[in-house]
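A.B. asks: Using the working numbering, you'd call the opening residue of the sequence shown number 1 and step up by one each time.
Cβ atoms here follow ideal geometry from the backbone N, Cα and C, with glycine treated the same way.
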Amino acid sequence: MEKRIETVLHKVKMDNKGYKMPHQLSGGEQQRVVIARALLNSPDIILADEPTGNLDPETSDELAQLLMDISKNGKTVIMATHQHDLLEKFPARVVFCEDGKLKEVAG
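(1) From L9 to A38, what distance separates their C-alpha atoms?
(2) Can you tell me the Cα-Cα spacing of P57 and M1, whole angstroms?
(3) Alpha helix (DSSP H) containing V8: first to last residue?
(4) Would you identify the three-state DSSP class for K103, choosing helix, strand or coil?
(5) Helix, strand or coil, according to DSSP, for A38 in the structure here?
(6) Roughly how many angstroms separate the alpha carbons of R4 and A64, rounded to a whole number?
(7) Keeping to the same chain, check which residues put their C-beta closer than 6 Å to that of L86; ignore five residues upstream and five downstream.
(8) According to DSSP, is M79 part of a helix, a strand, or is it coil?
(9) Measuring straight from C-alpha to C-alpha, what distance separates E62 and N41?
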């Protein structure tokens, strides 16, 4: 288990923060730890609800890139976001919710 923890912390660039308490981490670091925890059991699907919502633009891009990399490695990533600029930087299948129904954006 210890080796898996080290591996996922490395994936999210948190190698040196493994023994920090949550209050000792920045918002971006906390978000990356959440993703690392999700990756520990190697899930087939990751649900990310507003993962970049409270982050600065640079950290948002890093986190979105990490989710794209996870997706490219064969995992399904479903991300809910209001940040339309991320959709342009990290293209993928996009659906939006309108009047309670999901609609796919033509791409």
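C.D. replies: Reading from the atomic positions:
(1) 11 Å
(2) 33 Å
(3) E2 to K11
(4) strand
(5) helix
(6) 22 Å
(7) A64
(8) strand
(9) 22 Å
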